[in-house]
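In my numbering, the protein residues as written are 64 to 336.
Don't be surprised by glycine CBs; every beta carbon is placed ideally from N, CA and C.
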Amino acid sequence: MRTSSNPVFKNLPKSPGGYATFGSGAAGGAQAAYQHGQTQHRDQYQPVTPDRAMTVDDVVTKTGATLGVLVVAAVLSYFLTNSNPGLAPLLVFGGMIVGLVLVLVAVFAKKMDNPAIVLSYGAAEGVFLGALSWIFAGGTSTIIVQAVLGTIGVFFGMLVVYKTGAIRVTPRLTRMIVAGMIGALILMVANLVASFFMADGLGLRDGGPLAILFSLFVIGLAAFSFLLDFDQADQLIRMGAPEKAAWGVALGLTITLVWLYIEILRLLSYFQE
64 MRTSSNPVFK NLPKSPGGYA TFGSGAAGGA QAAYQHGQTQ HRDQYQPVTP
114 DRAMTVDDVV TKTGATLGVL VVAAVLSYFL TNSNPGLAPL LVFGGMIVGL
164 VLVLVAVFAK KMDNPAIVLS YGAAEGVFLG ALSWIFAGGT STIIVQAVLG
214 TIGVFFGMLV VYKTGAIRVT PRLTRMIVAG MIGALILMVA NLVASFFMAD
264 GLGLRDGGPL AILFSLFVIG LAAFSFLLDF DQADQLIRMG APEKAAWGVA
314 LGLTITLVWL YIEILRLLSY FQE
């Protein structure tokens, strides 16, 4: 089975059986099983019902709830920062650190299907994005609206690409995307280290032509990561993963959406006067 570049999907619970596809609301229902032991009376049988299999509706519902919490927290964070700009660094770094810790706990403690952790992550990232958006926007909400619309457009565009099969998710494509992500991460770290010794580092984030090209490259990586996420969610549904696994899918999709939004927002900020 192919694995997603998103670490959250790699640790989701899986179980054999079940049926459905990403884009179909059907899923196999679990049949009742009788407990062991011999008996001569039917009323002595006691049914045992396993967890219901995950469906697309579960993924949509959980992802919508997570994004709803994120949006509410982001709006509150934005207006709080707007009224008190001094809070911006605290909200940015505080939300970022809390969100990172929650993702690490979810991945390494195998708690991806825990709704409290997933929704808390949405709230933390909302606080982070609200303050960060205020910083990038420079006092105007225009590029924030543009970044939100751009993120939504890319998400649904890649969903259409996936559903129509215009680009097939193959092991080779997966390796290329993962390699690109590793390369981008190395360049970001190198640019950060170089910034300690040079004003603009390697020039990957200074708003110049090279920075614009790099942002477009990273946005492309984030967009193609959705294909891997969709494919992994599709496979989990077909394998009959338990319903609670939808929370892990929601977490993985939210991580990619946050990454994409930040990169689009950063790119748009380069063109502000």
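Count the other C-beta atoms from every protein chain shown that fall within 10 angstroms of the C-beta of residue i, then say buried if there are 16 or more, exposed otherwise.
i: G92; result: Here the model assigns G92 a pLDDT of 33, short of 50, so the residue's position is not dependable, and the following value carries that caveat. Label assigned to G92: exposed.
i: I206; result: buried
i: R235; result: exposed
i: G162; result: buried
i: P148; result: exposed
i: I230; result: exposed
i: Q335; result: exposed
i: G271; result: exposed
i: A253; result: exposed
i: S278; result: buried
i: S146; result: exposed
i: T237; result: buried
i: P152; result: exposed
i: L276; result: exposed
i: F260; result: exposed
i: I343; result: Here the chain comprises residues numbered 64 to 336, so residue 343 is not present and cannot be evaluated.
i: V208; result: exposed
i: T319; result: buried
i: V256; result: exposed
i: G303; result: buried
i: V282; result: This sequence places Ile at residue 282; Val is not what is there. It is buried - the Cβ of I282 has at least 16 other Cβ atoms within 10 Å.
i: I325; result: buried
i: G220; result: exposed
i: S196; result: buried
i: S204; result: exposed
So residue i is in the alpha helix (DSSP H); what residue range does that whole segment cover?
i: Q298; result: P272 to R301
i: F191; result: P178 to A200
Name the DSSP beta bridge partners of residue i, please?
i: P152; result: P152 pairs with nothing; no bridge assigned.
i: P305; result: A116
Find out if the Cβ-Cβ distance for the pair residue i, residue j is shorter than 7 Å.
i: T144; j: A194; result: yes
i: I240; j: F280; result: no
i: A313; j: T126; result: yes
i: L267; j: G185; result: no
i: I327; j: G246; result: no
i: L262; j: L323; result: Leu is not the amino acid found at residue 262; the sequence shown has Ala there. No. Outside cutoff.
i: A296; j: V122; result: yes
i: V135; j: G158; result: no
i: Y225; j: L290; result: yes
i: L222; j: A137; result: no
i: D294; j: V232; result: yes
i: I180; j: K173; result: no
i: A210; j: L331; result: yes
i: D114; j: E306; result: yes
i: S183; j: L165; result: yes
i: G264; j: D176; result: no
Note down, one range per segment and in chain order, each alpha helix (DSSP H) of at least 4 residues found wholly within the stretch 223 to 264.
Residue ranges of uninterrupted alpha helix (DSSP H) with 4 or more members, entirely inside the stretch 223 to 264 and ordered along the chain, are 234 to 258.
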